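The structure under discussion appears below in the form of structure tokens.
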Amino acid sequence: MLPMEAIELDAFRRSHEDDTFWCGTLLGGCGGQLTTKLYTDRACHFAHHPDPDGLPHVCGRRSHGVDSADHLYVRSAAAAWLAGRGEQATFEYTRTEGAPIGSVVDVRWRHGALRVHLDQAVAPVWDDDVEPVLGTMVPVDRDTLIRRWYVHRIRLDSVGTARHVQIGTEAFARPIEWFALDKCEMTERGLSTPAVEKIVQARNAPRPSLWSPGKARKVPEPEARAQALLRRLVYARRIESVSLVKQVCGEIEDLTGVEGELQEQLEAAVRHARIWLVEQNEERGKLFDKLKRAVAEQKPGRVRRLLIRVNATAAEDRTDAESAVYERAITYFESLDDLTRDAVEAEADTEKEAQKAAASVRSALHRLRGYDAYTFNLRPQVEDLLRSAASAGELLTRGEARRVEVWKKRAALGPQEQLGVARRYWIQRSCPRCNAEQGKDCVLVEGPSSGKPRKDGHNERLQLIVDERKAAQKMARQQKKARQDVEASAEPMQPAPEAHEREVSPPRPLQERRPEADREGQAQEAGKKTAARLHHQVPRGDWYRMMCPRCHAGPGKLCDNDDRVGPSEKRQLPHDERLRRVLQSDDRLGPGEKQKGARDERQHQAPPPARAKVRPPRPRRREREPQETAGSAARTWDAKEVTCPKCQAGPNSPCMPHGPHHERVEWAKEFTRKLWS
0 MLPMEAIELD AFRRSHEDDT FWCGTLLGGC GGQLTTKLYT DRACHFAHHP DPDGLPHVCG
60 RRSHGVDSAD HLYVRSAAAA WLAGRGEQAT FEYTRTEGAP IGSVVDVRWR HGALRVHLDQ
120 AVAPVWDDDV EPVLGTMVPV DRDTLIRRWY VHRIRLDSVG TARHVQIGTE AFARPIEWFA
180 LDKCEMTERG LSTPAVEKIV QARNAPRPSL WSPGKARKVP EPEARAQALL RRLVYARRIE
240 SVSLVKQVCG EIEDLTGVEG ELQEQLEAAV RHARIWLVEQ NEERGKLFDK LKRAVAEQKP
300 GRVRRLLIRV NATAAEDRTD AESAVYERAI TYFESLDDLT RDAVEAEADT EKEAQKAAAS
360 VRSALHRLRG YDAYTFNLRP QVEDLLRSAA SAGELLTRGE ARRVEVWKKR AALGPQEQLG
420 VARRYWIQRS CPRCNAEQGK DCVLVEGPSS GKPRKDGHNE RLQLIVDERK AAQKMARQQK
480 KARQDVEASA EPMQPAPEAH EREVSPPRPL QERRPEADRE GQAQEAGKKT AARLHHQVPR
540 GDWYRMMCPR CHAGPGKLCD NDDRVGPSEK RQLPHDERLR RVLQSDDRLG PGEKQKGARD
600 ERQHQAPPPA RAKVRPPRPR RREREPQETA GSAARTWDAK EVTCPKCQAG PNSPCMPHGP
660 HHERVEWAKE FTRKLWS
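Numbering that gives the first Met the number 0 puts the first residue of the sequence shown at 0, with every later residue one more than the last.
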């Protein structure tokens with residue numbers, strides 16, 4: 000093989016600078032000397048030396064493709080394969096009248112022989128000492144497959160600039176299995192592959208008993224024979240073997256000793272089989288009429304297709320008229336020139352590709368039966384479907400074409416993104432697309448599987464949950480903004496710094512200090528927001544650096560929840576007195592600020608006035624280990640720890656009917672944000 004790229008041809012010339020090349024006669028060439036032609040704008044190739052008189056060189060070779068030398072590759076591979084087994088083979092390129100060289104390769108050695116048919120120019124002979132090996136385009140009928148159990152095929156695959164031989168084994172109702180040549184062996188049965196061993200073993204294995212274990216009823220021999228013939232007749236009808244149906248019908252008519260209902264079944268089976276044979280004869284006559292008309296109209300492509308059908312369905316028991324039509328068709332097809340035959344082969348290849356594409360379309364449509372929407376994960380399958388449908392053309396049925404058109408329209412709109420919502424949420428809603436009720440799964444609304452359950456919910460159903468979540472998030476943002484506005488408006492109402500610098504007046508009787516206490520309470524209520532924001536002024540790592548002067552919690556310990564803020568026994572935030580002490584001890588504060596902080600602490604630590612009636616102290620809760628998260632006192636609230644605003648389920652009580660409600664989860668998040676803000 001000459002490389003077709005210029006850069007590869009340079010290396011080829013250097014490695015073969017001492018060699019000469021000639022137009023091979025075994026390829027149908029003239030035997031003249033060749034030279035290499037290098038091109039950068041087209042494929043490089045071999046060319047003949049010009050004639051001495053300057054006229055163009057005339058060569059009889061017509062086929063220049065890589066497969067035109069397959070018979071030489073077969074000879075080389077077979078010689079190496081047999082030499083590895085200690086055999087020396089002889090080869091002959093049999094040239095039947097009208098067949099081009101290379102159609103048949105005869106391989107003979109001391110213990111066997113093979114005849115390789117690379118095309119269908121020469122019909123294989125099955126009852127000979129030479130075992131046929133058929134190319135991929137050589138047809139074989141069902142009866143031959145059934146009678147011989149299997150046949151061998153050969154194909155050549157291009158690997159770089161070489162061709163590798165593959166041997167396949169074809170059996171009835173089995174796909175062709177391909178093997179490398181070194182996996183094959185020669186046995187007493189002839190050429191053998193790993194698939195042949197399985198087929199022979201399956202044929203020779205005893206059939207399993209059709210009777211159930213237990214009470215086995217003895218059946219008289221004629222009745223058992225009749226039942227076996229009925230099964231064989233059904234099998235022959237199923238594989239459409241005319242010769243086998245005729246043979247079984249004759250055996251049934253010759254059977255004796257059967258009476259009653261079984262005899263009526265035999266007669267009915269034979270009667271229906273005779274009607275089927277008449278129908279097959281009519282179809283066979285129509286087939287030969289079409290072949291005769293195609294030859295008369297000189298349609299080579301149609302003649303080729305009909306010849307393949309004749310070889311597959313009417314290879315035996317032909318009448319004189321049918322044989323004459325067949326011979327005329329063979330003669331006409333062999334008389335075609337190479338260009339016409341190449342065009343017919345190209346048309347056949349196109350039809351084969353179209354059939355393969357149609358099969359791919361049917362397979363893709365079967366896989367897409369369970370979907371009624373075009374999502375991103377279906378994109379590769381839909382693209383393969385549309386690509387195969389374009390190649391299949393008119394081989395698709397109307398129903399298949401309609402389903403392909405539906406997917407084509409969906410692909411034009413673009414893939415949809417499947418919304419990520421858990422089933423426990425969207426199952427509580429009804430679907431606006433398929434009208435599935437609450438608690439029911441969505442069903443397919445288009446395609447042949449409409450009405451069957453869908454794998455996921457429709458996006459229209461899931462969108463309801465997404466919209467609710469967005470609305471809840473928007474409402475939460477609005478509420479948060481409103482709270483921030485209220486806090487911002489409350490800041491100017493804080494007491495002036497001069498108020499803290501006033502001297503502490505001596506305590507007065509209770510009835511005299513009430514108005515001042517009321518005013519102080521109002522001032523404290525107005526400045527509550529500011530006092531609650533002290534934890535923003537102290538780094539979180541310094542919150543528990545010092546002892547708390549209020550609850551006497553030691554360094555690194557949480558403050559006691561003595562004012563009942565939250566459900567825990569420990570406060571989520573330290574006391575303000577503890578935070579003020581940390582602020583006063585900060586080296587960054589000036590002397591004036593430290594003095595001011597000391598006065599504030601003395602004011603907060605001043606003993607309360609005596610009350611007329613002292614309320615008994617509230618009993619302390621049982622001590623337990625404090626909860627700390629990431630080195631801070633604040634923590635994250637779980638949904639089960641808050642009351643559900645939708646179903647009013649209390650803390651540590653589940654929501655009914657299905658799991659925690661979305662509103663409960665959002666409320667826990669909002670409560671966590673309140674603590675951290």
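We put the CB at the ideal spot given by N, CA and C, even for glycine. The structure displayed is predicted, hence computed values, not measured ones.
Residue i - DSSP class collapsed to helix/strand/coil
i, result
"T635", "coil"
"A372", "coil"
"P538", "coil"
"E296", "coil"
"E4", "coil"
"E91", "strand"
"M546", "coil"
"L265", "helix"
"T168", "strand"
"H660", "coil"
"D156", "strand"
"P131", "strand"
"E278", "helix"
"L254", "coil"
"W666", "helix"
"T671", "helix"
"K36", "strand"
"H70", "helix"
"T19", "coil"
"G30", "coil"
"T192", "coil"
"Q415", "strand"
"A10", "helix"
"L677", "Nothing can be reported for residue 677: it is not among the residues displayed for the chain, which extend from 0 to 676."
"V121", "coil"
"I175", "strand"
"V730", "With the chain covering only 0 through 676, there is no way to say anything about residue 730."
"A42", "coil"
"M185", "strand"
"D341", "helix"
Environment of residue i [buried if 16+ CB atoms lie within 10 Å]
i, result
"F375", "exposed"
"D466", "exposed"
"A328", "buried"
"H15", "exposed"
"E393", "exposed"
"K569", "buried"
"V124", "exposed"
"L412", "exposed"
"E184", "exposed"
"D118", "buried"
"F287", "buried"
"A389", "exposed"
"V485", "exposed"
"V233", "exposed"
"L384", "buried"
Own chain residues within Cβ distance below 7 Å of residue i, not counting five before or after
i, result
"H47", "C22, G31, L33, H56 and C58"
"L26", "R60, S67 and A68"
"N560", "S567, E568, K569 and R570"
"L734", "Residue 734 falls outside the range modelled here, since the chain spans only 0 to 676, and no answer is possible."
"L261", "E222 and A225"
"N310", "P138 and D140"
Supposed close pair residue i, residue j - CB separation, criterion 8 Å
i, j, result
"R162", "D105", "With a Cβ gap of about 19 Å, R162 and D105 do not count as contacting."
"K285", "G369", "Not really, about 41 Å apart at Cβ, beyond 8 Å."
"R402", "G450", "With 8 Å as the limit, R402 and G450 do not qualify as a contact, their Cβ atoms being about 16 Å apart."
"P99", "A120", "7 Å"
6 Å Cβ shell around residue i - same chain, five flanking residues per side excluded
i, result
"G553", "M546"
Same chain only: Cβ atoms within 8 Å of residue i, ignoring 5 sequence neighbours per side
i, result
"Q165", "I153, R154, L155, D156, W177, F178, A179 and L180"
"E86", "W108, R109 and H110"
"L335", "P299 and V343"
"I175", "R152, G167, T168 and E169"
Any C-beta of chain B under 8 Å from that of residue i
i, result
"S67", "No chain B appears in the structure shown, which is made up of a single protein chain."
Closer than 8 Å is the cut-off here; do at least three beta carbon pairs connect the stretch 152-160 with the stretch 355-372? no
Tell me, please, whether the stretch 37-45 touches the stretch 124-133 by the rule of three or more beta-carbon pairs shorter than 8 Å. no
Within 8 Å, do at least three Cβ pairs link the stretch 248-268 to the stretch 219-237? yes
For the stretch 428-445 and the stretch 472-492, state whether three or more C-beta atom pairs, one from each stretch, are separated by less than 8 Å. no
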